[in-house]
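Those letters in the sequence shown? Residues 0 to 542, by numbering that gives the first Met the number 0.
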Amino acid sequence: MKFNLIDEKWIPVKRKDGTPDRIRPWEVTDNFADNPVVALNAPRPDFSGALIQFLIGLVQTTFAPANRIEWKQKLKTPPSPDQLKAAFMTVHHAFELGGDGPRFMQDLDDFNQKSKPIDWLLIGAATENTLKENRDFFIKRDAVTAMCPSCCATALFTMQTNAPMGGRDFRTSLRGGGPLTTLIIGDKDLDTLWHTIWLNVLESKKFLSMCSSARSSDSNKFPWLAATKASVTEQDMHPFQYFWAMPRRIKLDIKNLETGICNICTQQSNFLITSYREVNKGTEYKAPMKHPLSPFNGNTQKSVLTQPGGVSYRHWLGFVVNDNERKREPAKIVHEFINERQQSDWQLRCWAFGYDTENMKARCWYDAKMPLITVSDELIAKYEDTIASLIKASIIICGNVKIAIKRVLHGIPEYDSISKQINWKYKDIKRLHADEEKARVRILNSTSDVSLFMAVEAFFWQKTEQYFYSTLNNIMRAAKNDEPLLIFLEGWHHALCSEALQQFDAHMLNGPIEDVDIKKASLARKELNDFNKGTFVRTLLGL
């Protein structure tokens with residue numbers, strides 16, 4: 000089987016009129032004036048996340064703009080499919096999925112190893128240990144037994160780009176297990192697939208300066224063209240490898256193909272792939288690795304990983320502007336927009352997505368879009384603490400809601416006659432630390448209430464998100480005019496306190512009355528409201 004990813008129509012997309020289509024990579028600008036391609040149309044959300052990075056990487060590799068002028072020109076007037084084809088054909092030899100030579104994202108060695116079912120190539124699939132322990136909840140056993148070349152290529156790229164821990168010497172991705180990707184996306188006149196790709200492509204010199212562009216051999220750009228290296232640093236690799244890293248040693252079984260329906264995309268295929276082989280000891284990508292599409296954690300010297308609870312405005316610091324306290328900085332592409340490319344008439348958003356993984360398990364796929372409010376460096380420097388306090392106050396109050404709920408479910412209130420205060424003990428926590436902050440962390444990390452706490456968080460961030468961006472806009476506008484901020488800070492505090500009570504009531508007081516200890520719930524609710532409106536939170540907000 001030969002299946003070249005430059006030649007074949009393998010990328011599922013949707014056009015402006017809603018028509019689904021499959022295109023070659025260089026056809027992203029096909030029929031641009033009348034019925035352009037506006038979005039990917041992949042059968043899985045993680046496939047969409049992988050395919051957009053594939054296309055960005057391909058354009059960055061072969062068609063990067065020389066300067067900002069060229070970048071702006073091609074944003075307004077996209078290249079023709081023929082222009083893109085000519086550029087992409089320069090790497091045609093590296094994008095063959097099958098055949099007898101080097102294969103895209105597959106180990107050069109033809110190792111002998113027991114074959115694995117093809118669904119194990121999907122992140123979150125039911126692997127051997129999962130099946131033994133009857134934990135195949137994410138993807139059910141035998142749900143996927145055959146994949147077409149298109150879905151196989153996408154699954155392979157998804158795995159290499161996001162690879163979680165996979166057992167002894169099975170490497171994680173260049174950015175770690177379950178990296179968070181942050182992209183720039185446009186609205187209105189910048190909403191086609193080409194715009195999404197081009198908005199996330201850096202100027203050639205800026206991209207090539209990210210690591211050792213002098214190492215320009217093909218094997219340093221596309222690692223599957225040479226024998227697997229034990230480890231790689233930024234000094235050892237060409238920048239192209241940010242997009243084409245290959246931590247896993249995988250080989251698709253293409254000798255015994257089947258005819259039928261692909262279990263992923265439901266398309267008919269004469270080249271269904273049912274298994275693959277894999278060995279450990281792939282390439283270890285050593286920190287630091289500053290991928291251009293991921294926020295960077297200065298403490299760990301690694302990309303920020305996707306965390307439980309998903310992405311919301313609480314991540315604005317570190318995703319959009321620097322978070323100096325936690326030593327986090329936005330992805331290079333986001334930094335480029337904030338500092339170099341922003342225009343007042345553009346309406347842009349930040350698209351953040353990734354797998355939350357724990358060891359070898361995929362717990363959840365998160366996908367969120369948030370407004371990209373541009374703030375000048377001068378205002379950020381002057382009001383960084385104010386912006387940070389908005390987010391810190393929301394995190395504290397959200398935590399207070401969870402603690403109040405914990406008290407209703409598992410708490411035992413005890414009156415202290417000396418301090419004349421109520422102290423709480425918990426049925427499911429044997430001993431709390433004397434330090435108040437450490438005790439708080441212990442309560443919030445209680446394993447018995449994980450699902451409930453995640454639901455409370457999700458609703459809290461969702462309900463307060465629009466008010467956060469409204470408050471941020473008002474603060475920035477007032478700051479530019481040297482106007483007082485107090486009214487906006489008071490409004491934000493009121494919104495947080497109000498939502499805290501609504502979340503508590505929704506989860507504790509809106510069910511059957513016999514299921515709740517009303518006396519305990521009333522006490523926990525009063526304490527929640529008192530603390531949220533108390534000195535600590537108000538001082539944090541400068542009130």
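Just so it is clear, CB atoms sit at the ideal spot from N, CA and C, and this is done for glycine as well. Nothing here was measured: the structure is a model prediction, and the numbers come from that model.
- Item | Identity of the residues DSSP links to Lys424 by a beta bridge | Ile411
- Task: Label Ile486 either buried or exposed according to how many other C-beta atoms from any shown protein chain fall within 10 Å of its C-beta, with 16 as the threshold for buried.
- Result: exposed
- Could you check which residue in Asp448, Glu436, Leu107, Asn399 has the C-alpha nearest to that of Leu408? Asp448
- C-alpha distance - Asp118 paired with Phe239, whole-angstrom precision: 29 Å
- With a Cβ-Cβ cutoff of 8 Å, do Pro159 and Met104 count as a contact? Sequence inspection shows Gln at residue 159; the Pro mentioned does not correspond to that position. Taking 8 Å as the Cβ cut-off, Gln159 and Met104 qualify as a contacting pair.
- Task: Under 6 Å Cβ to Cβ from Asp29, same chain only, skipping five residues before and after it: list those, please.
- Result: Pro80
- Item | Alpha carbon of Pro291 to alpha carbon of Ile183, nearest angstrom | 12 Å
- Item | Member of Asp186, Gly533, Pro11 whose CA lies at the smallest distance from the CA of Asp344 | Asp186
- Query: Would you say the segment 351-362 touches the segment 432-446, given that touching needs at least three Cβ pairs under 8 Å?
  - Reply: no
- Length-filtered (4 minimum) alpha helix (DSSP H) runs lying within the segment 178-205: 192-198
- Message: Using a 10 Å radius around the Cβ and a threshold of 16 neighbouring Cβ atoms, would you call Arg23 buried or exposed?
- Response: buried
- Task: Tell me whether Ile394 is buried or exposed, calling it buried when 16 or more other Cβ atoms sit within 10 Å of its Cβ.
- Result: exposed
- Straight-line CA distance for Leu615 to Lys250? Shown here, the chain extends from 0 to 542; a query on residue 615 therefore has no answer.
- Residues near Glu544 by beta carbon distance below 7 Å, same chain, minus five either side: Nothing about residue 544 can be reported from this structure: the residues present for the chain run from 0 to 542 only.
- Task: Inspect the beta-carbon positions of Lys8 and Asn34 and report whether they are closer than 8 Å.
- Result: no
- Task: Tell me whether Arg325 sits in a helix, a strand or coil according to DSSP, three-state version.
- Result: coil
- Query: What is the DSSP secondary structure of Gly541, counted as helix, strand or coil?
  - Reply: coil
- Ile372: which of Gln342, Val400, Thr385 sits nearest, CA to CA? Gln342
- Query: What does a CB cutoff of less than 8 Å around Thr299 pick up in its chain, not counting 5 residues either side in sequence?
  - Reply: Ala286
- Message: Relative to the C-alpha of Gly177, which candidate in Lys532, Thr195, Asp109, Pro294 has its C-alpha closest?
- Response: Pro294
- Query: What span of residues does the beta strand (DSSP E) with Trp350 cover, start to end?
  - Reply: 347-357
- DSSP puts Gln267 in a beta bridge; with which residues? Ile260
- Query: Quick one: is His493 buried, meaning 16 or more other Cβ sit within 10 Å of its Cβ, or exposed?
  - Reply: exposed
- Answer with buried or exposed for Arg476, where buried requires no fewer than 16 other C-beta atoms within 10 angstroms of its C-beta. exposed
- Message: Residues in the same chain with beta-carbon distance under 7 Å from Phe503, minus the five sequence neighbours each way, listed in chain order, please.
- Response: Val400, Ala403, Ile404, Arg524, Leu527
- Where does the unbroken beta strand (DSSP E) through Ser450 begin, and where does it stop? Note, Ser450: premise wrong, no beta strand (DSSP E); alpha helix (DSSP H) at 449-479.
- Pick out whichever of Val455, Glu456, Arg248, Lys479 has its Cα sitting closest to the Cα of Asn111. Arg248
- Can you name the residues that DSSP bridges to Ser230? Glu283
- Return the residue from the list Thr538, Glu328, Phe318 that minimises the CA-CA distance to Arg348. Phe318
- Does the beta-carbon distance from Leu57 to Phe31 come in below 8 Å? no
- Task: In angstroms with no decimal places, state the Cα-to-Cα distance between Ser211 and Tyr466.
- Result: 44 Å
- Can you tell me the Cβ-Cβ gap for Val143 and Ile263, rounded? I've got them flagged as a contact below 8 Å. 6 Å
- Query: So, helix, strand or coil for Asp20, using DSSP?
  - Reply: strand
- Smallest Cα separation from Trp243: which of Arg102, Trp350, Ile442? Arg102
- Sequence-distant residues of the same chain with beta carbon closer than 6 Å to Asp6, five excluded per side: none
- Message: For Thr534, count the other beta carbons within 10 Å of its own beta carbon; 16 or more makes it buried, fewer makes it exposed. Which is it?
- Response: exposed
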